[in-house]
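*Asks:*
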Amino acid sequence: MAMLLYLLVTLSLSECFHLNEEVFRKIVSMEDRPPIFIEIWDPWCKNCENFKGDWKRLTDSKLFAQKVVFGDLNCQEEKKLCQEISPGTEFPRFAWFDPDSTIPRPFTGPYSINELAQWVHSQVNGPLEVINDTLKFEKMKHLSLKIPLFKFTVYENDIASIQIIKAAANAVKHFQTKMILSYDREPTDPIIAHYTPDNRVILLQDTFSVNSIIHFVKIHAVRFFIPYNDFVGQYSKVEKMPVMVFAFPHNNSDIRKQAFESAKNVEPLISTSQVCCLYNPKFCRYYGIKERTPAVVILNRDKELFWIHELEGDLFKWTEDVLNGKISGSGPGVVSQPQLRNILLMFYEYRGIGGFRYYLFFLPVLLFVILILMISCVVATSPEKQETNNKAKIN
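Count the sequence shown with mature numbering (1 follows the signal peptide of the UniProt record, and there is no 0) and you get residues -16 to -1, 1 to 379, in order.
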């Protein structure tokens, strides 16, 4: 059976397998297998239905023939396996398995056919593109408008530093970023730089190490001041990274400028995003933000916690205190008991949706209160109660 499955895989690497528990375990545990890319979907998901054509074009592409095993996983049929590979409720989701690993790497970017194809191509061919020509790199800077752009500059004979850079880049290669490696012919300290959409260069100020580079890339893997969307929230959840969201009326240029400058100030500490309650009312309702009142939200989707601050005062110090655990958060994560946390999650979700669903959440409580009042009225008007009251008055 194993040999048959192996032949099927090696002969049909550009086809897509419909996975279940047994098939997944056998494919992922094979020796010398190619990487695996899995779409995780749900039959009730309209986005999944709309994406079927693009997914077929991706899996049929000759670009990845004999290089990638594609699979799709129906979460109605394989609920436990779906949560094991990629925890979450958003659909579709995607997971990547390197050839020598059983640990999934999530894809958290937009799932258009072009972006997915580029991302899969980067996973197959390695995360670093070597560019030593300064003019050629200058022509690539425009990429920072679309995806986070990083440049690692290192002395060509500094083997130890090159290994550190490659190890860090491999650890974060599943992010939707562009990473350039540039070799310097003269001895120099390594330079880790991030190029922002507004033509700024952010340098790694921390100690040069694998972990510091990984953390630096993680902070800037969310494009600076990007409009908040589900992918930003999914990134926070999957990568266990807090994200700061500036909520403000976008038609107010003064507040927008203030928010932008504040975002630049905290950029070394945390990923930043922006939202307008008029265009994303669900976000503002979920976190209890008023439409025309500027506010800053730090959200941690992994722990289901959030912190709210006015767009005034020492935002940098407040951010440091939140990240260092000096300020308690709000949200479903304040409750450790799983059942109660799920109820709170439902409450916040309904509050975000708004309308009758939100008020429907309180219906059981309202019915319970009405029931208690009715019981109290019945007891108060019962003959036994009246007789007791009469005796009390006589005495």
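Note that the Cβ used here is the ideal one computed from N, Cα and C, for glycine as well.
What you are looking at is a predicted structure, and each value in this text was computed from that prediction instead of being measured.
Would you mind stating whether residue 200 and residue 174 have Cβ atoms separated by less than 7 Å?
*Replies:* In terms of Cβ geometry, residue 200 and residue 174 do not form a close pair [threshold 7 Å].
*Asks:* What residue range does the alpha helix (DSSP H) around residue 200 cover?
*Replies:* 194 to 204
*Asks:* Under DSSP, the beta strand (DSSP E) around residue 255 begins and ends at which residues?
*Replies:* 255 to 259
*Asks:* Do the stretch 62 to 69 and the stretch 101 to 119 meet, that is, are 3 or more Cβ pairs less than 8 Å apart?
*Replies:* The stretch 62 to 69 vs the stretch 101 to 119: no contact.
*Asks:* Alpha carbons only, please: which of 308, 305 and 330 is nearest the one belonging to residue 317?
*Replies:* Among 308, 305 and 330, the Cα nearest to that of residue 317 belongs to 330.
*Asks:* Classify residue 23 as buried or exposed, calling it buried when 16 or more other Cβ atoms lie within 10 Å of its own Cβ.
*Replies:* That one is buried.
*Asks:* Can you name the residues that DSSP bridges to residue 18?
*Replies:* The partner list for residue 18 (beta bridge, DSSP) is empty, contrary to what the question assumes.
*Asks:* According to DSSP, is residue 65 part of a helix, a strand, or is it coil?
*Replies:* helix
*Asks:* Measuring only the C-alpha atoms, how far is residue 292 from residue 218?
*Replies:* 20 Å
*Asks:* Counting C-beta neighbours from all protein chains within 10 Å, is the total for residue 157 16 or more, i.e. buried, or is it exposed?
*Replies:* buried
*Asks:* Give every residue of the same chain whose Cβ lies closer than 6 Å to the Cβ of residue -15, excluding the five residues on either side of it in the sequence, and list them in chain order.
*Replies:* With a pLDDT of only 44 at residue -15, under the threshold of 50, the placement of this residue in the model should not be trusted; the figure read from the coordinates follows. Cβ within range, chain order: n/a, list empty.
*Asks:* For the beta strand (DSSP E) holding residue 1, just list the boundary residues, first then last.
*Replies:* -1 to 2
*Asks:* At a cut-off of 6 Å, is residue 299 close to the ligand FMN when judged by its beta-carbon and the heavy atoms of the ligand?
*Replies:* The model on display carries no ligand, and the ligand FMN is accordingly not part of it.
*Asks:* Taking residue 225 as the reference, give the member of 205, 70, 323 and 145 with the closest Cα.
*Replies:* 205
*Asks:* Please report the distance separating the alpha-carbon of residue 30 from that of residue 141.
*Replies:* 53 Å
*Asks:* If residue 47 sits next to residue 105, beta carbons under 8 Å apart, how far is it from one beta carbon to the other, in whole angstroms?
*Replies:* Sure, about 7 Å apart at Cβ, within 8 Å.
*Asks:* By how many angstroms is the C-alpha of residue 139 removed from the C-alpha of residue -4?
*Replies:* Since pLDDT at residue -4 reaches only 47, below the 50 mark, its modelled position is unreliable, and the value read off the structure follows with that caveat. Straight-line Cα distance between these residues: approximately 39 Å.
*Asks:* Taking buried to mean at least 16 other C-beta atoms within 10 Å of its own C-beta, is residue 358 buried or exposed?
*Replies:* exposed
*Asks:* Taking residue 337 as the reference, give the member of 264, 355, 277 and 230 with the closest Cα.
*Replies:* 264
*Asks:* For residue 280, which residues does DSSP report across the bridge?
*Replies:* 230 and 293
*Asks:* Would you kindly work out how many angstroms separate the C-alpha atoms of residue -10 and residue 13, rounded to a whole number?
*Replies:* Because the pLDDT of residue -10 is 40, which lies under 50, any placement of that residue in the model is unreliable, and the question is left without a value.
*Asks:* If we count the other Cβ atoms within 10 Å of its Cβ and call it buried at 16 or more, is residue 3 buried or exposed?
*Replies:* Residue 3 is classed as buried because its beta carbon has at least 16 other beta carbons within 10 Å across all chains shown.
*Asks:* Out of 289, 287, 290 and 259, state which residue places its alpha-carbon closest to the alpha-carbon of residue 278.
*Replies:* Closest option to residue 278, Cα to Cα, is 259.
*Asks:* Smallest Cα separation from residue 73: which of 215, 268 and 124?
*Replies:* 215
*Asks:* Among 243, 332, 285 and 296, whose alpha-carbon lies nearest the alpha-carbon of residue 268?
*Replies:* 332
*Asks:* Check each candidate in 250, 132 and 281 and name the one with the smallest Cα separation from residue 180.
*Replies:* 132
*Asks:* So, with DSSP's three-state summary, where would you put residue 358?
*Replies:* helix
*Asks:* Return the CA-CA distance between residue 307 and residue 243, expressed in angstroms with no decimal places.
*Replies:* Just so you know, the alpha carbons of residue 307 and residue 243 end up roughly 20 Å apart.
*Asks:* Ends of the beta strand (DSSP E) at residue 137?
*Replies:* 133 to 139
*Asks:* Starting from residue 39 and walking both ways along the alpha helix (DSSP H), at which residues does that stretch end?
*Replies:* 30 to 44
*Asks:* Check residue 246 in the structure and name its three-state DSSP category.
*Replies:* helix
*Asks:* Less than 7 Å separating the beta-carbons of residue 227 and residue 300?
*Replies:* no
*Asks:* Which residue's Cα is closest to the Cα of residue 380: 361, 82 and 7?
*Replies:* Nothing about residue 380 can be reported from this structure: the residues present for the chain run from -16 to 379 only.
*Asks:* For residue 86, I'd like the list of residues in its chain whose CB is within less than 6 Å of its CB, leaving aside the five on either flank, ordered along the chain.
*Replies:* 12
*Asks:* Give the DSSP-derived three-state secondary structure of residue 170 in the structure shown.
*Replies:* coil
*Asks:* The alpha helix (DSSP H) that contains residue 214, what's its start and end?
*Replies:* 214 to 223
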